[in-house]
Amino acid sequence: MNFRRGRREDYPEINLIPFIDILLVVVIFLAVTTTYARFAELKINLPTSGAAQTPTQPKQIEVAVAESGRYQIDDAALGEVSVDEIAAALKKAAAGQNDPVVVINADARAAHQSVVNVMEAARRVGLGRITFATQSAP
Numbered sequence: 006m007n008f009r010r011g012r013r014e015d016y017p018e019i020n021l022i023p024f025i026d027i028l029l030v031v032v033i034f035l036a037v038t039t040t041y042a043r044f045a046e047l048k049i050n051l052p053t054s055g056a057a058q059t060p061t062q063p064k065q066i067e068v069a070v071a072e073s074g075r076y077q078i079d080d081a082a083l084g085e086v087s088v089d090e091i092a093a094a095l096k097k098a099a100a101g102q103n104d105p106v107v108v109i110n111a112d113a114r115a116a117h118q119s120v121v122n123v124m125e126a127a128r129r130v131g132l133g134r135i136t137f138a139t140q141s142a143p
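Here you go:
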């Protein structure tokens with residue numbers, strides 16, 4: 006007796022439709038939640054110049070700011086003074102110089118207000134070129 010005569014064997018099928026639906030939802034989720042970086046779109050080619058470097062360095066006024074709040078302009082020690090006194094010392098140091106650069110050498114633990122006082126004094130005197138001296142890390 007052969008009871009299998011009229012039956013055919015069914016092979017298991019893999020239904021791909023639910024799999025495709027889940028992948029589509031994941032793709033939509035990733036597309037919505039992804040942030041795009043705008044800075045990657047900027048490709049800048051800076052202009053070049055054929056001009057020679059200027060052989061003369063601009064005149065510099067060295068201002069040192071200590072951790073304790075004391076100031077020194079070039080070789081003149083000022084101690085703890087007001088903005089007006091710093092401005093007077095900067096004006097004296099800049100006498101006879103054409104648009105000097107003020108270089109601020111501030112201690113790493115100096116108060117922020119001490120550095121701002123030097124910048125305010127330079128603004129009052131009319132010295133607009135200010136830079137900060139730093140050390141390179143070892």
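Per this note's numbering, numbering of the sequence shown is gapless, rising by one per residue and ending at 143.
The beta-carbon is built from N, C-alpha and C at its ideal position, and this holds for glycine as well.
Just so you know, these numbers come straight off a predicted model, no measurement behind them.
Selected residue, minimal CA-CA separation from residue 74, among 135, 121, 14
Counting from one through the sequence shown, the residue named residue 74 turns up at place 69. The closest CA to that of residue 74, considering only 135, 121, 14, is found on 121.
Paired residues, beta bridge with residue 110 - DSSP:
The sequence position of residue 110 within the sequence shown is 105, counting from 1. Bridge partners of residue 110: 69.
Okay, do the stretch 88–96 and the stretch 29–43 touch, 3+ Cβ pairs below 8 Å being the bar?
Contact fails: fewer than three Cβ-Cβ distances are below 8 Å.
Let's see if you can read the secondary structure: which residues bound the beta strand (DSSP E) around residue 27?
Taking the first residue of the sequence shown as 1, we reach residue 27 at position 22. Taken as a continuous stretch (DSSP letters only), residue 27 belongs to no beta strand (DSSP E), being part of the alpha helix (DSSP H) at 22–38.
Residues bridged to residue 84 (per DSSP):
Position 79 of the sequence shown holds residue 84. Note: residue 84 sits in a beta bridge opposite 76.
Can you tell me where the beta strand (DSSP E) holding residue 135 begins and where it ends?
Locating residue 135 in the sequence shown gives position 130, counting from the first residue. That run of the beta strand (DSSP E) goes 135–137.
Residue 111 to residue 66, Cα distance in whole Å?
Within the sequence shown, residue 111 is the residue found at index 106, counting from 1. Within the sequence shown, residue 66 is the residue found at index 61, counting from 1. Linking residue 111 to residue 66 through their CA atoms gives a straight-line distance of about 14 Å.
Take the Cβ of residue 130 as the centre, count every other Cβ of all protein chains shown within 10 Å, and call the residue buried at 16 or more, exposed below.
As a first step, residue 130 is located in the sequence shown; it is residue number 125 there, counting from the start. Residue 130 counts as buried, since at least 16 other C-beta atoms from the protein chains shown sit within 10 angstroms of its C-beta.
Same chain only: Cβ atoms within 6 Å of residue 102, ignoring 5 sequence neighbours per side:
Reading the sequence shown from its first residue, position 97 is the one you call residue 102. So the list reads 64, once near-sequence residues are dropped.
Using a 10 Å radius around the Cβ and a threshold of 16 neighbouring Cβ atoms, would you call residue 27 buried or exposed?
As a working mapping, residue 27 is identified with position 22 in the sequence shown. Residue burial annotation: residue 27 is exposed, with fewer than 16 other C-beta atoms found within 10 angstroms of its C-beta.
Taking the Cβ atom as the reference point for each residue, do residue 108 and residue 132 lie within a distance shorter than 8 Å?
In the sequence shown, counting from the first residue as 1, residue 108 sits at position 103. In the sequence shown, counting from the first residue as 1, residue 132 sits at position 127. With contacts defined as CB atoms closer than 8 Å, residue 108 and residue 132 fail to qualify as a contacting pair.
Closest Cα partner of residue 72 within the set 118, 21, 19, 135
Here residue 72 refers to the residue found at position 67 of the sequence shown. Considering only alpha carbons, the answer is 118.
Residue burial classification, residue 16 (beta-carbon count within 10 angstroms, cutoff 16):
Here residue 16 refers to the residue found at position 11 when the sequence shown is read from its first residue. Result: exposed.
According to DSSP, simplified to helix, strand and coil, what is residue 90?
The residue given as residue 90 occupies position 85 in the sequence shown. Look at residue 90 here: in three-state DSSP terms it is helix.
Straight-line gap, residue 92 to residue 68 (C-alpha atoms, nearest Å):
On the sequence shown, position 87 is the one that residue 92 refers to. On the sequence shown, position 63 is the one that residue 68 refers to. Answer to the nearest angstrom: the Cα atoms are 12 Å apart.
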